[in-house]
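Trainee: Quick one: structure below, then a few questions.
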Amino acid sequence: MEKLFIIKIGGNVIDQPEAFATFLDDFAQIEGKKILVHGGGKLATDLAKTLGIATKMVEGRRITDAETLKVVTMVYAGLINKSIVSGLQSRGCNALGLTGADANVIAATKRQHATLDFGFVGDIARVNSAAIISFLQAGISPVFAPLTHDGKGLMLNTNADAIAAALAAALLPHFKMSLIYCFDKPGVLASTHEDSVISRLTLARYHELRTAGIISQGMIPKLDESFAALQAGAEAIILCHASQIRLAIGGETPVGTRLSL
Numbered sequence: 000m001e002k003l004f005i006i007k008i009g010g011n012v013i014d015q016p017e018a019f020a021t022f023l024d025d026f027a028q029i030e031g032k033k034i035l036v037h038g039g040g041k042l043a044t045d046l047a048k049t050l051g052i053a054t055k056m057v058e059g060r061r062i063t064d065a066e067t068l069k070v071v072t073m074v075y076a077g078l079i080n081k082s083i084v085s086g087l088q089s090r091g092c093n094a095l096g097l098t099g100a101d102a103n104v105i106a107a108t109k110r111q112h113a114t115l116d117f118g119f120v121g122d123i124a125r126v127n128s129a130a131i132i133s134f135l136q137a138g139i140s141p142v143f144a145p146l147t148h149d150g151k152g153l154m155l156n157t158n159a160d161a162i163a164a165a166l167a168a169a170l171l172p173h174f175k176m177s178l179i180y181c182f183d184k185p186g187v188l189a190s191t192h193e194d195s196v197i198s199r200l201t202l203a204r205y206h207e208l209r210t211a212g213i214i215s216q217g218m219i220p221k222l223d224e225s226f227a228a229l230q231a232g233a234e235a236i237i238l239c240h241a242s243q244i245r246l247a248i249g250g251e252t253p254v255g256t257r258l259s260l
């Protein structure tokens, strides 16, 4: 079975031009089939602030009202996604920028919650594997913005970690899957010190650290989605610093945090 790398790059890395340029260099040099999923970074927050739109986050997830949806669509699908695609094209990587609405690749439903209204936030309902496979077979590397659609004309803000995990689960029957989350830390940390990387994290240990408050905020949805992908059958899931992507793919030198059940 052919290998596929799904790589998610965090918004904090996108916010650092030099680090992000290095990441694009490394991604472009990955041989074989690959997909990139990107976060939003602070650009959407900054633009919302400029426009006088308040930003609200709950456990690392953005609350998206109608005005915020306009902002994230402009920033995620426009500025960030197309900057990434043009950067990869300049590096010899034939990339194609996508939201879930394009070619109907990812459909979602508006999130329903008993006590909290997340606004225009989507929970993934369906992935169009055939369309994505056709891109990959044509030598195209899809680049996904963190946006989906409901099939009724509504765009939905969707967590990029969830998109990466859903893509992995949907494409598992067709590829030998590796899912790598790259961000601005060297892995999952046991404390505030960056030398406290947890080299192997089990599901049970994750729940312990979350209950203790050691793992919190944006790391929670990242790990929730990561373990879901692992349970679905992903071969390897690694969380590492963006600068370590080539080492993570090579596998010869252990880096970051590797998940296990």
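So in numbering that gives the first Met the number 0, the last spot in the sequence shown is 260, and the numbers never skip.
Virtual Cβ for every residue (Gly too), placed ideally from N, Cα, C.
#1: Quick one: is residue 93 buried, meaning 16 or more other Cβ sit within 10 Å of its Cβ, or exposed?
#2: Strictly by DSSP, which residues pair up with residue 92?
#3: Relative to the C-alpha of residue 175, which candidate in 11, 33, 97 has its C-alpha closest?
#4: Residue 127 by DSSP, collapsed to three states: which one?
#5: Along the beta strand (DSSP E) that carries residue 218, what are the first and last residues, could you check?
#6: Please name the residue or residues paired with residue 140 in a DSSP beta bridge.
#7: Where does residue 122 sit, in a helix, a strand or coil, going by DSSP?
#8: Within 10 angstroms of the Cβ of residue 116, are there 16 or more other Cβ atoms? Answer buried if so, exposed if not.
#9: Helix or strand or just coil, what does DSSP make of residue 158?
#10: When we look at the beta-carbon of residue 263 and count the other beta-carbons within 10 Å, is it buried (16 or more) or exposed?
#11: Kindly confirm or deny that the region 190 to 207 and the region 148 to 161 touch, where touching means at least three C-beta pairs closer than 8 Å.
Mentor: According to the structure data:
#1: Here residue 93 corresponds to residue number 94 of the sequence shown, with the count starting at 1. The residue is exposed, with fewer than 16 neighbouring Cβ atoms inside 10 Å.
#2: The residue you call residue 92 lines up with position 93 of the sequence shown. DSSP lists no partner for residue 92.
#3: Your numbering for residue 175 matches position 176 in the sequence shown. Selected option, being the one with the closest Cα: 33.
#4: Locating residue 127 in the sequence shown gives position 128, where the first residue counts as 1. Three-state DSSP puts residue 127 in coil, outside helix and strand.
#5: On the sequence shown, position 219 is the one that residue 218 refers to. Secondary structure note for residue 218: it is in no beta strand (DSSP E), and the uninterrupted alpha helix (DSSP H) holding it is 218 to 231.
#6: Taking the first residue of the sequence shown as position 1, residue 140 is located at position 141. Looking at the DSSP assignment, residue 140 forms a beta bridge with 94.
#7: Mapped onto the sequence shown, residue 122 falls at position 123. Three-state result, residue 122: strand.
#8: Taking the first residue of the sequence shown as 1, we reach residue 116 at position 117. Burial call: exposed.
#9: Here the question's residue 158 lines up with position 159 in the sequence shown. In the structure shown, residue 158 sits in coil (DSSP, three-state: anything other than H, G, I, E or B).
#10: Outside the displayed range of the chain (0 to 260) lies residue 263, so it cannot be described from this structure.
#11: no
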